[in-house]
Amino acid sequence: MRIALLYPPPWKIPARGEPYDMRGDGPPAEYREGDLDADFYQIPYGLLSIAAQALRAGHQVKVLNLSAMTWAKVEEVLASLDADLYAMSCWTANRRGVALVAKAIRARRPKAPIIVGGPHASPFAKEILEHWPEVDVATIGESEITFLEIVDRLAAGRSLRGLAGAAYRFEGRVEMGPSRASIEELDTLASPHAFFDTHILMTSRGCPWACTFCGAENTWGRGFRGQSVSHVLDVLETTVARLPVKMILVKDDTFTTNRKRVLDLCRGIRERNLRFLWSCDTRVDVLGEELLYEMRLAGCERLSLGVESGSPQILKAVDKKITVQKILDSTALAKKYGIKVRYFMMLGNRGETAETFRETLAFLDRARPHQYIFSCLSIYPGTRDYDEATASGWLDPEVYFTGDFQELKVPFDASEEDTKLMSDWFRENSGLRDHFRESAAECEAILARLGEHHAAHLDCASAHYRENNLDAAERHAARALELGHPLPGLCLNMLAVIAARRSAWKNMQDLFTEAWHKDPQHWVLVRNVQKVKAWLDQAGPLRGMPLELEAHNEFQLLERTVQPMLPGPLPPDYAVWSAPASRAQNPEMRAPQAGSHASFQPKTRLRVVT
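Mapped onto UniProt numbering, the consecutive letters of the sequence shown carry residue numbers 1 to 610.
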């Protein structure tokens with residue numbers, strides 16, 4: 001079967017210079033460029049997993065990332081893409097785009113089945129079919145097995161009636177099938193990494209906790225399920241060998257839930273001599289000194305921690321089940337071994353006041369994470385916040401089908417005065433914020449704890465450079481290179497920047513040239529090379545022009561706009577079904593942006609009572 005898997009845009013995106021759609025299908029009135037953060041444009045990992053199962057089963061599959069395409073381009077794609085079945089990933093932010101794409105598909109392919117899945121579809125499966133007549137099936141939760149059953153039934157000409165884990169149409173009415181059990185043996189699934197070169201990796205599903213704002217349980221069910229250690233190591237071995245830049249973002253909901261499993265993974269990475277740098281998301285109460293030590297030696301560069309608030313009152317209100325002291329202790333332990341700490345923070349949770357907000361800001365100065373990023377509370381269907389908001393009567397579920405908002409950013413119960421205070425602050429402080437950076441002495445102490453660790457040497461080089469200790473910076477950067485740093489281009493970038501500081505221009509150019517052939521995607525290297533090129537074009541050395549270069553080595557990937565991972569140019573054969581899916585390599589690059597600039601929306605607009 002010819003299967004098209006699509007990640008739709010959030011709405012009808014106009015081409016540059018075109019007016020917004022006047023029928024209400026364009027961006028919200030309050031939308032500003034940058035309100036959709038970089039994560040929105042990354043292809044959902046679940047869609048790649050669905051594709052992997054279908055490919056392994058022998059089907060022809062096209063995965064297309066349309067998330068940033070103009071509506072004219074979307075129409076062009078749909079006109080040329082003649083599939084037997086269309087399926088889309090639906091999130092709250094792109095729900096309107098999913099409905100619009102479904103309508104456009106139905107106009108062109110009247111008989112093709114249209115399936116919708118994803119985090120927004122799971123709690124609204126029945127409602128989606130009631131509101132969007134073009135959609136035939138909405139799947140619930142993890143959908144790999146459900147999707148393959150749909151394909152098999154359609155191929156055999158069988159009815160979808162009784163389909164577990166989905167809502168479907170039968171004789172003109174919407175029906176809900178029975179629930180489908182979670183997939184217990186995750187190793188049995190085909191790995192997306194066997195077919196797609198993505199830097200995103202998921203090794204587990206589910207989270208044992210139940211924070212009021214989170215919808216993980218809605219997608220994965222209760223509890224935690226992980227792939228086996230040997231399976232993850234095999235996937236890593238394949239993935240690291242193929243990726244041009246050896247950086248992986250582990251995006252499990254709570255990666256270190258099972259500490260022994262992660263310890264075994266880290267030791268396995270070292271035993272197999274897999275050299276790459278990685279980050280992960282987790283909680284402060286599932287860490288420990290031995291674990292953090294092993295993680296750093298295995299290449300972990302950054303922990304993203306769901307902290308949310310520095311107020312004990314708010315942590316309790318959202319059922320976070322952590323304490324402020326635990327946050328401080330785990331942060332200090334991670335920093336002890338040189339792991340960068342990023343906090344995910346929130347504004348507007350239940351019980352939030354000006355006092356708790358100020359308490360959070362004061363807490364950040366005590367905790368001193370390397371980075372933090374705030375988001376306004378978004379109320380997602382399938383969360384406890386949503387259930388209680390609808391039960392109390394101030395939120396009508398219908399607004400998710402009639403409203404044009406991107407996400408429902410509404411403080412749960414803050415006063416208008418406190419909401420304004422938080423919104424005004426957020427507008428000035430949105431996005432990723434740098435907060436703490438180790439001194440050279442602190443980096444040297446970390447290196448002493450770890451031994452001859454390549455990434456710790458590069459941290460030392462960066463810190464010494466900031467303090468103008470060029471000889472020490474050069475020594476550490478060279479040593480990192482000798483020890484086999486997974487990103488040699490970063491080490492060469494550091495040496496080139498040191499050469500520039502010494503006005504050794506020929507040496508600088510030689511080092512940048514070598515670095516460019518090693519790590520062309522790292523953001524700081526790209527920026528430095530662009531600066532040097534512009535400087536040389538203006539005869540900078542002859543005119544005595546200053547050259548300001550960056551010596552950073554932060555864990556940050558500058559990904560290429562390659563389909564389907566990011567919405568780059570489509571391969572020329574994207575609509576040709578006789579050929580395998582193309583992995584087009586396009587030299588164009590896009591820099592990631594952190595955070596959303598959208599502030600809270602006025603709650604009064606959304607208090608629609610049933």
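We put the beta carbon where it would ideally sit given N, CA and C, even for glycine.
### Query
Secondary structure at Lys260, three-state DSSP: helix, strand or coil?
The residue labelled residue 260 in the question sits at position 260 within the sequence shown. In the structure shown, Lys260 falls within a helical segment according to DSSP collapsed to helix, strand and coil.
#### Entry: Boundaries (first-last residue) of the alpha helix (DSSP H) holding Phe276
Locating residue 276 in the sequence shown gives position 276, where the first residue counts as 1. Per DSSP, Phe276 belongs to no alpha helix (DSSP H) and is neither H nor E.
### Query
From Tyr380 to Arg543, what distance separates their C-alpha atoms?
As a working note, residue 380 is residue 380 in the sequence shown. As a working note, residue 543 is residue 543 in the sequence shown. Their Cα atoms are separated by approximately 57 Å.
### Close beta carbons around Ser143, own chain, < 6 Å, minus the five adjacent residues each side
As a first step, residue 143 must be located in the sequence shown, where it is residue number 143. Closer than 6 Å at Cβ, skipping near neighbours: Gly117.
### Message
For the region 161–176 against the region 210–223, do three or more pairs of beta-carbon atoms, one drawn from each stretch, fall closer than 8 Å, so that the two count as touching?
### Response
Contact annotation: the region 161–176 does not touch the region 210–223, with fewer than three C-beta pairs closer than 8 Å.
### Task
Reducing DSSP to helix, strand and coil, say where Ile115 ends up.
In the sequence shown, residue 115 corresponds to position 115, counting from 1. Looking at Ile115 - three-state DSSP - the assignment turns out to be strand.
### Arg261 classed as buried or exposed, judged by whether at least 16 other C-beta atoms fall within 10 angstroms
The residue given as residue 261 occupies position 261 in the sequence shown. Buried, since its Cβ has 16 or more Cβ neighbours within 10 Å.
### Message
Going by DSSP in three states, Ile3 sits in which element: helix, strand or coil?
### Response
Translated into positions along the sequence shown, residue 3 becomes position 3. Three-state result, Ile3: strand.
### Query
Roughly how many angstroms separate the alpha carbons of Ile13 and Gly141, rounded to a whole number?
Indexing the sequence shown from 1 puts residue 13 at position 13. Indexing the sequence shown from 1 puts residue 141 at position 141. One C-alpha to the other measures close to 29 Å.
### Message
On the criterion of 16 or more Cβ atoms from any shown chain inside 10 Å, does Asp82 qualify as buried, or is it exposed?
### Response
Residue 82 sits at position 82 when you count from the first residue of the sequence shown. Under this definition Asp82 is an exposed residue.
### Buried versus exposed call for Gly226 [16 or more other C-beta atoms within 10 Å across all chains shown]
Translated into positions along the sequence shown, residue 226 becomes position 226. The residue in question, Gly226, is buried, as its Cβ has 16 or more Cβ neighbours within 10 Å.
### Task
On a CA-only basis, which of Ser80, Asp25, Ala54 and Leu6 is nearest Pro572? Give me that one, please.
Here residue 572 refers to the residue found at position 572 of the sequence shown. Here the closest residue by C-alpha is Ser80.
### Query
Nearest to Leu333 by CA position, among Gly382, Trp394, Ser159 and Leu303, is which residue?
Locating residue 333 in the sequence shown gives position 333, counting from the first residue. The shortest Cα separation from Leu333 among Gly382, Trp394, Ser159 and Leu303 belongs to Leu303.
### Query
Using the C-alpha atoms, what's the distance from Phe426 back to Lys420?
Your numbering for residue 420 matches position 420 in the sequence shown. Your numbering for residue 426 matches position 426 in the sequence shown. Straight-line Cα distance between these residues: approximately 10 Å.
### Task
Name, in chain order, the residues that DSSP records as bridge partners for Tyr343.
Position 343 of the sequence shown, counted from the first residue, corresponds to residue 343. Leu305 and Tyr372, per the DSSP bridge assignment.
### Message
In this structure, how does DSSP classify Phe170 when only helix, strand and coil are distinguished?
### Response
As a first step, residue 170 is located in the sequence shown; it is residue number 170 there, counting from the start. Phe170: strand per DSSP, three-state reduction.
#### Entry: Extent of the continuous beta strand (DSSP E) to which Leu249 belongs
Counting from 1 along the sequence shown, the entry for residue 249 is found at position 249. First-last of the beta strand (DSSP E) with Leu249: Met247 to Val250.
### CB of Gly484 within 8 Å of CB of His453, strictly
Locating residue 484 in the sequence shown gives position 484, counting from the first residue. Locating residue 453 in the sequence shown gives position 453, counting from the first residue. The answer is no: Cβ separation not under 8 Å.
### Task
Go through its chain and collect everything with a Cβ distance to Trp132's Cβ below 7 Å, but skip five positions before and after it.
Working through the sequence shown from its first residue, we reach residue 132 at position 132. Result list for Trp132: Ala99 and Ala102, in chain order.
### Residues of its chain near Asp264, where Cβ-Cβ distance is below 7 Å and the 5 sequence neighbours each way are ignored
For the purposes of this step, residue 264 is identified with residue 264 of the sequence shown, where counting begins at 1. Hits under 7 Å: Val229.
### Task
Note the first and the last residue of the continuous beta strand (DSSP E) segment covering residue 617.
Any property of residue 617 remains undetermined from this structure, which presents the chain solely from 1 to 610.
### Query
Does the count of Cβ pairs from the region 356–369 and the region 188–205 closer than 8 Å reach three?
no
### Query
What residues in its chain sit with their C-beta under 8 Å from that of residue 614, if we drop five residues either side in the sequence?
Only positions 1 to 610 of the chain appear in the structure, and residue 614 is not among them; the question remains open.
### Task
Drop a sphere of 10 angstroms on the beta-carbon of Gly299, count the other beta-carbons inside from all chains shown, and report buried for 16 or more, exposed for fewer.
Locating residue 299 in the sequence shown gives position 299, counting from the first residue. Looking at its Cβ environment, which holds 16 or more other Cβ atoms inside 10 Å, Gly299 is buried.
### Runs of alpha helix (DSSP H) lying entirely within the region 404–471, each at least 4 residues, in chain order
416–429, 440–450 and 454–466
#### Entry: Beta-carbon gap between Leu148 and Pro113 smaller than 8 Å
To locate residue 148, count along the sequence shown from 1; it is residue 148. To locate residue 113, count along the sequence shown from 1; it is residue 113. It is not a contact, given that the beta carbons lie outside the stated cut-off.
#### Entry: Pairwise C-alpha distance: Ser503 and Pro564
Within the sequence shown, the letter at position 564 stands for residue 564. Within the sequence shown, the letter at position 503 stands for residue 503. Straight-line Cα distance between these residues: approximately 43 Å.
### Task
Please report how far the alpha carbon of Glu301 lies from the alpha carbon of Val250, in whole angstroms.
The residue labelled residue 301 in the question sits at position 301 within the sequence shown. The residue labelled residue 250 in the question sits at position 250 within the sequence shown. Those two C-alpha atoms are separated by around 11 Å.
### Task
From the DSSP output, in three-state form, read off residue 614 for me.
This structure leaves residue 614 out entirely; the chain is present only between 1 and 610.
### Stretch-stretch touch, CB-based, cutoff 8 Å, three pairs: the region 424–441 with the region 267–277
no
### Task
Could you name the residues of the same chain whose beta carbon sits closer than 7 Å to that of residue 691, not counting the 5 residues immediately before and after it, in chain order?
Any answer about residue 691 is impossible in this case: the structure gives the chain only from 1 up to 610.
### Query
Which residues bound the beta strand (DSSP E) around Ala104?
For the purposes of this step, residue 104 is taken as residue 104 along the sequence shown, with counting starting at 1. That residue, Ala104, is in no beta strand (DSSP E); its alpha helix (DSSP H) goes Arg95 to Arg108.
#### Entry: Nearest residue (CA-CA) to Leu291, options Leu315, Arg259 and Pro312
On the sequence shown, residue 291 is found 291 positions in, with the first residue counted as 1. The option with the nearest alpha carbon to Leu291 is Arg259.
### Query
Could you give the distance in angstroms between the alpha-carbon of Asn94 and the alpha-carbon of Leu347?
On the sequence shown, position 94 is the one that residue 94 refers to. On the sequence shown, position 347 is the one that residue 347 refers to. Those two C-alpha atoms are separated by around 23 Å.
### Per-residue DSSP class, three states only, for Asp329
What you label residue 329 is simply residue 329 of the sequence shown in a count that begins at 1. Three-state DSSP puts Asp329 in a helix.
### Message
Within 10 Å of its beta-carbon, does Gln530 have 16 or more other beta-carbons around it, so buried, or fewer, so exposed?
### Response
Residue mapping note: residue 530 aligns to position 530 of the sequence shown, counting from 1. Result: exposed.
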